[in-house]
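Numbering (the working numbering), first residue to last: 577 to 912.
We put the CB at the ideal spot given by N, CA and C, even for glycine.
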Amino acid sequence: MARTITSAEESEQVFPASLRLHLDPAYTSFGDQKQVGYFNPQAGWVHAREATFAVPDEAQRLGATVHSNVTIDKFLMTETHGKPRVCGAVASDGRQFHADHIIVAAGNWTPSLLDRCKLLLPPGLLKPSAHCVLTLRIQPEVARLFRGMPVVFDMNTGMYAFEPSADGILKCAIHGTGASTPTPNSATNAFPPADQHPHVDAMLRELQNMYPLLRLGEPDSPAQIHFTRICWYCDTRDENFLIDFHPDVDGLLVASGDSGYGLKFLPLLGRLVASRLLHIHNDSAIVPDHGLSAHQRQVFSFDHHQHADARVNVNVPIDSMRIGDLPPAKVSSSKL
């Protein structure tokens, strides 16, 4: 059960016993400093890199053909009695790909790809943004102490960090609005390093504050920077996905607008996109086994996004989000 944490004892019990003696005092001062925490033992996280590789692997297992390192320059069109119909695409090397249905699911590159192919989107419908990710490689004897730790999210700073992977890689980032005007234009540099990003130093300071045993910056530190990366988002005004047919042509479905949280829906996204493509409706549940509910058909539509207000106020500090109304823990701390 998700619950609040209001005491030092409750806070310590959330972490593995091997790590409790190495926590910064900030994690054991709940109640004393009028801090409140939130713990959800049923929540989890996904390994983004491995999940991303798993998708094309599964597609190929099911019979799909994957063409890598292809840049699309334009769409092939056929004239009909109504709107033009997209029937394929032309790559920069001259290859042509023909299909009865075309789906554009290019993430952050979606607006620029449609722009290059002369299918402009209304201004502000999809907004690319860039975020900095930092990973550390921790020596095995120290990484073992972190085994079983929860994902930590500091709502004062926006900093969040994951449990180190089996090979000792700890990933962290800062939740925020990101850089609002990146122009990723080449697949050869899709995830550039972010060594000079100001968030790198901020994250190193926060990690040292969270886990003093890392001794970051000292010559004998058990942790070293593994890599930094720019992580691309494609944001919509109200953070609903855009999964709909392009209004200006037939035969083209746009699936984009991850808004920074699309990965957690990875097992569902194919089903949602296929349901829109095949016009499968199902109003029996918000997340049906197949088909889109009436609510999903509406909020995933071009019409919705063209008229959506920016309901997420990016100027609101992250620590203004309220979690104090959650029920307090009603089990002994040994069970947290």
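CB contact check: residue i to chain B, cutoff 8 Å
i: Ile678; result: In summary, chain B is missing from the structure at hand, where a single protein chain is found.
Same chain only: Cβ atoms within 8 Å of residue i, ignoring 5 sequence neighbours per side
i: Asp600; result: Asn785, Met786, Tyr787 and Pro788
i: Gln672; result: Leu652, Gly664, Ala665 and Val666
i: Val622; result: Leu839, Lys840 and Leu842
i: Leu790; result: Leu712, Ile714, Val718, Leu783, Gln784, Ser797, Pro798 and Ala799
Sequence-distant residues of its chain with Cβ nearer than 7 Å to residue i (five each side left out)
i: Leu819; result: Reading the sequence as shown, one finds Ile at residue 819 and not Leu. Answer for Ile819: Ala831, Leu848, Val849, Arg852 and Phe876, listed in chain order.
i: Arg898; result: Only weak support is given to the placement of Arg898: the predicted model assigns it a pLDDT of 40, under 50, and the value that follows is read from those uncertain coordinates. Nothing listed; no residue qualifies.
i: Thr764; result: Note that Thr764 scores a pLDDT of 47, beneath 50, so its modelled location is shaky; the value from the coordinates is reported in the next line. For Thr764, where only same-chain residues beyond five positions count, there are no Cβ hits under 7 Å.
i: Val776; result: Cys708, Leu710, Ala770 and Thr804
i: Asp859; result: Ser869 and Ala870
i: Pro698; result: Gln882
Supposed close pair residue i, residue j - CB separation, criterion 8 Å
i: Asp834; j: Gly683; result: 7 Å
i: Gly744; j: Ala778; result: Not really, about 22 Å apart at Cβ, beyond 8 Å.
i: Ile679; j: Leu829; result: 5 Å
i: Phe615; j: Arg579; result: 6 Å
Unbroken beta strand (DSSP E) run spanning residue i, endpoints
i: Phe673; result: Gln672 to His674
i: Met577; result: Note, Met577: premise wrong, no beta strand (DSSP E); not H, not E.
i: Phe615; result: Gly613 to Phe615
i: Arg713; result: Lys703 to Ile714
i: Ala737; result: Met735 to Ala737
i: Ala749; result: Ile745 to Ile750
Cut-off 6 Å between Cβ atoms - residues of its own chain near residue i, not counting five sequence neighbours on either side
i: Thr654; result: Arg661 and Cys663
i: Thr711; result: Ile745, Lys747, His802 and Phe803
i: Phe729; result: Tyr736
i: Asp914; result: Limits of the chain in this structure are 577 at one end and 912 at the other, which puts residue 914 out of reach.
i: Pro632; result: Val642
i: Leu780; result: Leu792
i: Phe544; result: Look at the range of the chain in this structure, 577 to 912, and you will see that residue 544 is not part of it.
i: Val727; result: Trp621 and Phe738
Residue i, enclosing alpha helix (DSSP H) - first and last residue
i: His883; result: Phe878 to His883
i: Ser688; result: Thr686 to Arg692
i: Ala778; result: Pro774 to Met786
i: Ala870; result: Ala870 to Val875
i: Leu595; result: Ala593 to Arg596
i: Ala602; result: Unbroken run through Ala602: none, as it is neither H nor E.
i: Ala584; result: Ala584 to Val590
Among the options, nearest to residue i - alpha-carbon criterion
i: Ile648; options: Lys659, Ser668 and His775; result: Ser668
i: Gln874; options: Gly836, Lys840 and Phe821; result: Phe821
i: Ala742; options: Met725, His773, Gly734 and Ala749; result: Met725
i: Lys650; options: Lys694, Glu588, Cys807 and Phe817; result: Lys694
i: Gly846; options: Ser860, Gly639, His866 and Gly836; result: His866
i: His751; options: His657, Arg713, Cys708 and His880; result: Cys708
i: Trp685; options: Leu844, Asp859, Cys807 and Leu783; result: Cys807
i: Gly734; options: His677, Ser860, Glu782 and Asp879; result: Glu782
i: Pro704; options: Pro716, His855 and Asp811; result: Asp811
i: Val646; options: Leu689, Phe629, Ala627 and Leu844; result: Leu689
i: Met577; options: Gln636, Glu739, Gln589 and Pro617; result: Pro617
i: His881; options: Asp676, Ala870 and Leu702; result: Leu702
i: Leu721; options: Leu597, Pro795, Gly793 and Gln872; result: Leu597
i: Ala706; options: His773, Thr580 and Asp691; result: His773
i: His677; options: Asp879, His855, Asn816 and Leu697; result: His855
i: Gly613; options: Ile581, Ala593 and Leu792; result: Ile581
i: Ala593; options: Arg723, Tyr837 and Ala630; result: Arg723
i: Leu595; options: Phe817, Gln636, Pro740 and Ala640; result: Pro740
i: Tyr809; options: His674, Ser587 and Pro687; result: Pro687
Extract the residue ranges of the alpha helix (DSSP H) inside the segment 812-859, only unbroken runs of 4 or more that lie entirely within it. 842-853
My parser needs the beta strand (DSSP E) runs of 3 or more residues fully inside the segment 619-681; what are they? 648-654, 661-667, 672-674 and 678-680
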